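Undergrad: 2 is the number of the first residue of the sequence shown in this note's numbering; add one for each residue after it.
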Amino acid sequence: KKQSEIRVGQISEHFAPLLEEFKYDRKQARFLASPIDFIIFEEEEVIFMEVKTGKSQLNANQRRIKKQIEDKKVRWEVLRIQ
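As structure tokens, then:
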């Protein structure tokens, strides 16, 4: 049962932008899958989104990332290759 719940969750991640509950422009959403499902590039902000089904919860790594974002421990870098 647990494995089928995981599979449903993984499939749901891919279909999330097609659902009515997804309130962002799906053309602006980038699917990452792991550790966070989507990064959405809106006009005024960047949104990190995790898709969950049923009673599933954030795992420890996702909770850590959520806290880092909430604590504004996010930065921009450019890697310049010569």
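Glycine included, C-beta positions come from ideal geometry on N, C-alpha and C.
Here the structure is a predicted model, which is why all the values come from computation and not from measurement.
What's the C-alpha gap between Lys157 and Gln83?
TA: One cannot answer for residue 157 here, as it falls past the ends of the chain, which runs 2 to 83.
Undergrad: Got a sec? Which residues, its chain only, sit under 8 Å from Gln63 by beta carbon, not counting five neighbours each side?
TA: Pro36, Ile37, Glu51
Undergrad: By the 10 Å Cβ neighbour count, where 16 or more other Cβ atoms means buried, how is Glu85 classified, buried or exposed?
TA: Beyond the ends of the chain as shown, which are 2 and 83, falls residue 85; an answer cannot be given.
Undergrad: In chain order, which continuous runs of the beta strand (DSSP E) of length 3 or greater are located wholly inside the region 7-54?
TA: Segments of the beta strand (DSSP E) lying fully in the region 7-54: 30-32, 39-42, 47-50.
Undergrad: For the putative contact between Ala30 and Ile12, defined by C-beta atoms under 8 Å, what is the C-beta separation to the nearest angstrom?
TA: About 17 Å; that fails the 8 Å criterion.
Undergrad: Grab the span of the alpha helix (DSSP H) containing Pro70 for me, first residue to last.
TA: It should be pointed out that residue 70 corresponds to Ile in this sequence rather than to Pro. Here the alpha helix (DSSP H) through Ile70 covers 61-71.
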